[in-house]
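In the order they appear, the protein sequences are chains A and B. Here the first sequence is numbered in the UniProt record's numbering, starting from 1 and rising by one per residue. Here the second sequence is numbered in the UniProt record's numbering, starting from 1 and rising by one per residue. All C-beta atoms, glycine included, are put in the ideal place defined by N, C-alpha and C. Predicted, not measured: the structure shown is a model, and the values here were computed from it. Working notes for the structure below.
2 protein chains.
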Amino acid sequence: MKLLNLFGLTAEQISKLNKLGNVQVLDSTDLNSENISDIDVIYGWGKPAMEVLSKSPKLKLVQSNSAGVDYMPLSQLAKKKVTLTNVSGIHAEPISEMVLAYVLSFARGVVTSQAARRDKQWVGDKIRMNNYTLPNRTAVIFGTGHIGKAIAEKLQAFGTKTIGVSRHGKPVDHFDEVVTDTEGTKRAAKADFVINIMPLTSETKHFFNQTFFDQMVNQPVFINVGRGPSVDTQALINALNTSKLAGAGLDVFESEPLEADSPLWGMDNVILTPHISGGFKEYGEESFDILYKNLASLIQTGDAAINKVDLSAGY
Amino acid sequence: MKLLNLFGLTAEQISKLNKLGNVQVLDSTDLNSENISDIDVIYGWGKPAMEVLSKSPKLKLVQSNSAGVDYMPLSQLAKKKVTLTNVSGIHAEPISEMVLAYVLSFARGVVTSQAARRDKQWVGDKIRMNNYTLPNRTAVIFGTGHIGKAIAEKLQAFGTKTIGVSRHGKPVDHFDEVVTDTEGTKRAAKADFVINIMPLTSETKHFFNQTFFDQMVNQPVFINVGRGPSVDTQALINALNTSKLAGAGLDVFESEPLEADSPLWGMDNVILTPHISGGFKEYGEESFDILYKNLASLIQTGDAAINKVDLSAGY
Numbered sequence: 001m002k003l004l005n006l007f008g009l010t011a012e013q014i015s016k017l018n019k020l021g022n023v024q025v026l027d028s029t030d031l032n033s034e035n036i037s038d039i040d041v042i043y044g045w046g047k048p049a050m051e052v053l054s055k056s057p058k059l060k061l062v063q064s065n066s067a068g069v070d071y072m073p074l075s076q077l078a079k080k081k082v083t084l085t086n087v088s089g090i091h092a093e094p095i096s097e098m099v100l101a102y103v104l105s106f107a108r109g110v111v112t113s114q115a116a117r118r119d120k121q122w123v124g125d126k127i128r129m130n131n132y133t134l135p136n137r138t139a140v141i142f143g144t145g146h147i148g149k150a151i152a153e154k155l156q157a158f159g160t161k162t163i164g165v166s167r168h169g170k171p172v173d174h175f176d177e178v179v180t181d182t183e184g185t186k187r188a189a190k191a192d193f194v195i196n197i198m199p200l201t202s203e204t205k206h207f208f209n210q211t212f213f214d215q216m217v218n219q220p221v222f223i224n225v226g227r228g229p230s231v232d233t234q235a236l237i238n239a240l241n242t243s244k245l246a247g248a249g250l251d252v253f254e255s256e257p258l259e260a261d262s263p264l265w266g267m268d269n270v271i272l273t274p275h276i277s278g279g280f281k282e283y284g285e286e287s288f289d290i291l292y293k294n295l296a297s298l299i300q301t302g303d304a305a306i307n308k309v310d311l312s313a314g315y
Numbered sequence: 001m002k003l004l005n006l007f008g009l010t011a012e013q014i015s016k017l018n019k020l021g022n023v024q025v026l027d028s029t030d031l032n033s034e035n036i037s038d039i040d041v042i043y044g045w046g047k048p049a050m051e052v053l054s055k056s057p058k059l060k061l062v063q064s065n066s067a068g069v070d071y072m073p074l075s076q077l078a079k080k081k082v083t084l085t086n087v088s089g090i091h092a093e094p095i096s097e098m099v100l101a102y103v104l105s106f107a108r109g110v111v112t113s114q115a116a117r118r119d120k121q122w123v124g125d126k127i128r129m130n131n132y133t134l135p136n137r138t139a140v141i142f143g144t145g146h147i148g149k150a151i152a153e154k155l156q157a158f159g160t161k162t163i164g165v166s167r168h169g170k171p172v173d174h175f176d177e178v179v180t181d182t183e184g185t186k187r188a189a190k191a192d193f194v195i196n197i198m199p200l201t202s203e204t205k206h207f208f209n210q211t212f213f214d215q216m217v218n219q220p221v222f223i224n225v226g227r228g229p230s231v232d233t234q235a236l237i238n239a240l241n242t243s244k245l246a247g248a249g250l251d252v253f254e255s256e257p258l259e260a261d262s263p264l265w266g267m268d269n270v271i272l273t274p275h276i277s278g279g280f281k282e283y284g285e286e287s288f289d290i291l292y293k294n295l296a297s298l299i300q301t302g303d304a305a306i307n308k309v310d311l312s313a314g315y
């Protein structure tokens, strides 16, 4: 069995895979016109992956190293009957912590302090009385999967009311309520925090647009740790400039890297991080654990064990 | 009974006090050479307070509007048998939230992202793999009172190990362990976060000095939400410049406002807020609730009910 490694494996991890049976690990530099048609599994994604997809009739499994898979040729994978698995689950802790970093930085005046700091302004009196605490605030979280649930759990620990928005509207742990899309926007309008962690699909593209932001009445803080294209960037900038939103914590953007001329770089009511919310030191190890489980299962049963993506739904 | 209001009372609050009995509220502008010797209670502290202390033989109670009372003439209050009460307790939620804002901003790379943002650098790959999450990290918290406990409770909710440092070393809720000063420094040396919330006394002045920082081996993030003079500022700056510390979250400073020429303003591994961590919108209401309880008790029993300061200990 040949595995094309496009993400990163340590020597120790490769030796662990070898022990699973006849597993041979190739890097992209090892690929040639002969072995490319022999690849069974791809770990990660990147340049040679499309070529392998078209040239290897043996390809059975793509194990992505991300949770979102919107950047992959899902219909082609479906057509070729390739199983796609993701690493959904390992991002719950790091991303939910990032959301709390944003939420607390806005609530406690760290954001306004940092803006004043540039000019060495000591503006404690002004900031102090505008600060607030989290008990009895309301957060509306679009997306109630692993990560949404982890965000809700942490916010609940601070005494914040959590409203989830999903397609099904069914109860989910750690949400005080779960509602569907239309009702979700109404709730967001009156919330203190509006948080996006939905996958990117044709339905969620530009979900957060001018029409959405125009309905906000309580000047919420908007947080995007889902996918950039779920937001119409110009509409977001307008909403920030017209005080429809109090601020934004943004980890993902419609185009990445963020363009040098984007006004977002310079906006004082925005926390901007370069698509890092899911990352952490032990990411490679936790991602490998999922690859290992799925490869072992593939060898034994002919199918992956966990984290299979529904190729028509896109997540 | 005459109350000198040096903090701030709304009309509604004054009318509530009036109803307690024969309570008359004076502002500093109402003071004159006659009524100054008639003041029974001071709410808050400020310019005319010292004069009232020396001129009013009737002064029985000073209700401060802060938790720390190191700026007050404690021995003079003791000599004149004036009871001092503080508003200890109401800062636990806002300050513990601020500590989590600092902790998460360092752990999740918000601090490094904001530094890179100035130059519009999109450095996700570099930042992502240096980030970490809070489970199994260790925080050493100097001070195990109301606020220290609230900090520990929140960190525990994130899976962080909490070690408290106090004079008594006895177990306290939400701390995995409580140790005394000397052992505390040893634990701090190996911790991820070192947090100060001790009151300022002769024992805690410059507690965090060059000798302390030189012992740090795990490059912790240092957080000060206690009192500025507990830290030797030059030693802190040295520790930040020589990587003895990974960074610092500072809300209080040896001299406030922070001097314009302080290197701290420009240091990228420092979050700097202008003494705001205890503030929040409802502060005036919660502070008033304590004044009200103590004034009602003073009228009925001749003594304050809650939050009495031990004038010899200083807190």
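query	result
Local Cβ density within 10 Å of B/TYR283, reported as buried at 16 or more and exposed below that	buried
Proximal residues of chain B, C-beta to C-beta of A/GLN114 below 9 Å	GLN114, ILE271, LEU272 and THR273
Pair within 8 Å by beta-carbon distance, A/ILE163 and A/ARG187	yes
Partner residues on chain A for B/PHE280, Cβ-Cβ distance less than 7 Å	ASN131, TYR132 and THR133
Range of the contiguous alpha helix (DSSP H) that encloses B/THR211	210-214
Distance, A/ASN294 Cα to residue 316 of chain A Cα	This structure cannot settle anything about residue 316 of chain A, because the visible part of chain A is limited to 1 through 315.
A/GLN24 (DSSP reduced to helix, strand or coil)	strand
Chain B within 8 Å of A/GLU93, Cβ atoms only	yes
Length of the line joining the Cα atoms of A/MET50 and A/PRO135	49 Å
Outcome for B/VAL87 when other beta-carbon atoms lying within 10 angstroms are tallied against a minimum of 16	buried
Interface residues of the segment 252-266 of chain A facing chain B [CB-CB below 8 Å]	GLU256, PRO257, LEU258, ALA260 and TRP265
CA nearest to the CA of A/GLY68, picked from A/ALA235, A/GLU203, A/SER243 and A/ARG227	A/ARG227
Chain A contact for B/ALA246 (CB, 8 Å cutoff)	no
Test: A/LEU291 CB closer than 8 Å to a CB of chain B	no
For B/TYR43, the residue or residues it bridges with in DSSP	B/ASN5 and B/GLN63
Cβ neighbour criterion (16 or more within 10 Å) applied to A/SER277	buried
DSSP bridge partner residues for B/GLU177 (one or two, in chain order)	B/ILE163
8 Å contact criterion, which B/LEU200 and B/SER166 should meet: CB distance rounded	Not confirmed; about 16 Å, so no contact.
Cutoff 6 Å; reference A/PHE106; Cβ partners in own chain excluding five residues on either side	VAL221 and GLY247
Any chain A beta carbon closer than 8 Å to B/ARG167	no
Classification of A/ARG137 by the beta-carbon crowding that lies within 10 angstroms, buried from 16 upward	buried
CA nearest to the CA of A/VAL179, picked from A/GLY21, A/ASN131 and A/ILE141	A/ILE141
Stretch-stretch touch, CB-based, cutoff 8 Å, three pairs: the segment 86-102 of chain A with the segment 286-293 of chain A	yes
Contact belief for B/ASN218 with B/ALA189 at Cβ below 8 Å, rounded distance in angstroms	7 Å
Chain A residues whose Cβ lies nearer than 7 Å to that of B/LYS120	ALA260 and TRP265
Contact with chain A by B/VAL123, beta-carbon distance below 8 Å	yes
Backbone secondary structure at B/ALA304 - three-state DSSP	coil
Beta-bridge partners of B/ALA139, as assigned by DSSP	B/THR162 and B/PHE193
Which residues DSSP lists as bridging A/THR85, in chain order	A/GLN63 and A/LYS308
Simplified DSSP state of B/ASN224, which is helix, strand or coil	strand
Three-pair Cβ contact test at 8 Å for the segment 112-132 of chain B versus the segment 258-275 of chain A	yes
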